[in-house]
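Colleague:
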Amino acid sequence: MSDLLVVGSVALDSVETPFGKVQEALGGSATYFSYSASFFTAVHLVATVGEDFPEAHLKLLADRGVDIRGLQTSKGRTFRWTGQYGYDLNEAKTLETQLNVFAEFRPVLNDVSGRTPFLFLANIDPELQLDVLRQMKERPKLVALDTMNFWIQGKREALRKVLAEVDVVTVNDGEARQLASEPNLIRAARAISAMGPKTVVVKRGEYGALLSTEDRLFFVPAYPLESVYDPTGAGDTFAGGFMGYLARSGDLSDANLRRAVIYGSAMGSFAVEKFSIGRLLEVTKPELAARVADFRRLVAFEEEL
Ligand code: AMP
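Numbering of the sequence shown is given in the working numbering, commencing with residue 92 and proceeding in unit increments.
#1: For the stretch 148-213, list the beta strand (DSSP E) runs that are entirely contained and at least 3 residues long, ordered along the chain.
#2: Does the stretch 323-336 come within contact of the stretch 271-287, defined as at least 3 CB pairs closer than 8 Å?
#3: Could you tell me if the beta carbon of Ile159 falls within a distance shorter than 7 Å of some heavy atom in the ligand AMP?
#4: Out of Ala357, Ala147, Ala121, Tyr298, which has the shortest C-alpha to C-alpha gap to Thr375?
#5: Quick one: is Lys166 buried, meaning 16 or more other Cβ sit within 10 Å of its Cβ, or exposed?
#6: Kindly indicate which residue of Thr328, Lys289, Gly296, Phe196 has the alpha-carbon position closest to the one of Leu308.
#7: Assign Tyr298 to one of two classes, buried (16 or more other C-beta atoms within 10 Å of its C-beta) or exposed (fewer than that).
#8: Closest to His148 by CA distance: which of Val203, Tyr123, Ser303 is it?
#9: Taking Cβ positions, are Phe399 and Gly335 nearer each other than 8 Å?
#10: Just reading off the alpha helix (DSSP H) that Leu276 is part of, what are its end residues?
#11: According to DSSP, which residues form a beta bridge with Ala235?
#12: Using C-beta distances below 6 Å, list every residue in its chain close to Gly359, excluding the 5 sequence neighbours before and after it, in chain order.
#13: Does DSSP put Gly331 in a helix, a strand or coil?
#14: For Ile353, which option in Leu236, Asp385, Leu371, Thr304 has the closest C-alpha, if you only look at C-alpha atoms?
#15: I think Val291 touches Ser303, with their Cβ atoms under 8 Å apart; what is that distance to the nearest whole Å?
#16: Quick one: residues in its chain with C-beta nearer than 8 Å to the C-beta of Ala116, no 5 flanking neighbours on either side, listed in chain order?
#17: Can at least three beta-carbon pairs, one atom from the stretch 217-237 and one from the stretch 192-209, be found at a separation below 8 Å?
#18: Given this structure, state the Cα-to-Cα distance separating Thr185 from Trp172, to the nearest angstrom.
Shown next, in the form of structure tokens:
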């Protein structure tokens with residue numbers, strides 16, 4: 092079992108979906124990721140929050156066993172994201188992004204965190220992602236990266252630089268098309284691979300996830316849920332399950348990458364059932380195992396000879 096290091100956003104999210112809304116709830120790419128990954132292995136979080144960040148949120152992360160020694164409290168306000176979803180929950184509309192303390196943030200790794208074997212560069216400024224990668228004392232066994240339209244548009248050059256050095260990228264379908272400037276998803280995945288990461292995971296919301304490796308393509312449907320409240324964080328929760336599973340097993344074979352995609356999908360399916368990390372707080376290991384078993388049934392069929 093290997094430890095996992097994540098750098099990303101810790102945020103206060105205000106989100107509206109057709110089913111309700113929340114104001115300044117706990118969010119952020121690194122938050123969802125850490126919660127999810129901590130089901131599988133030890134997680135070390137590197138991020139920053141402002142002086143206004145509620146103590147109770149810090150406690151939620153710490154109680155979960157996430158190592159928050161790398162979570163700096165900086166002078167100023169916490170990162171804030173305001174988003175909205177229509178009935179098509181696959182597409183988030185960003186109403187406002189306030190970087191606040193992230194505008195000046197410089198991550199600092201220590202001698203121990205700089206040797207973590209699994210690294211996840213969660214959605215954050217690609218310059219910070221690169222900074223963390225450069226501070227690693229040893230090249231991790233696996234480096235994965237997530238990003239979004241905000242950075243693909245705003246910091247394409249920095250993003251291309253860090254992409255060249257990672258093994259896995261996780262993006263949603265719109266981001267894959269935007270990053271590759273290619274409307275066809277299969278071609279887009281191949282084009283992203285050509286930028287560096289040998290493995291590309293395209294998250295497709297209610298349509299599942301696509302895994303593209305050097306060897307082959309693998310497709311997983313989304314868990315068939317009857318009530319979805321808030322898709323925020325589904326992608327990061329997916330990534331937490333995916334990376335957590337890989338770090339736990341230490342096996343980077345293609346067969347294990349496929350298993351990891353199933354665990355990621357199962358974790359992601361919990362995230363959307365309540366606002367913020369509400370549902371993740373309640374998930375039990377038997378519930379997770381049951382969802383993984385459901386995935387097997389969902390796609391199993393017998394070929395007639
Ligand atoms: P997702 O898993 O893609 O739904 O990610 C949702 C999370 O990303 C939210 O909790 C936001 O706080 C966070 N987020 C939104 N915009 C940004 C951004 N530009 N940089 C970093 N994190 C962001």
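Ideal Cβ placement from N, Cα and C applies to all residues, glycine included.
The model shown is predicted, which means the values in this text are computed figures rather than measured ones.
Modeller: Taking the coordinates as given:
#1: 158-165, 170-176, 183-189, 209-212
#2: No, the stretch 323-336 does not touch the stretch 271-287.
#3: no
#4: Ala357
#5: exposed
#6: Lys289
#7: exposed
#8: Tyr123
#9: Since the first residue of the chain shown is 92 and the last is 396, residue 399 is not available in this structure.
#10: 276-285
#11: Phe211, Val259
#12: Ala325, Thr328, Phe329
#13: helix
#14: Asp385
#15: 5 Å
#16: Leu103, Asp104, Ser105, Val106, Phe366, Ser367
#17: yes
#18: 8 Å
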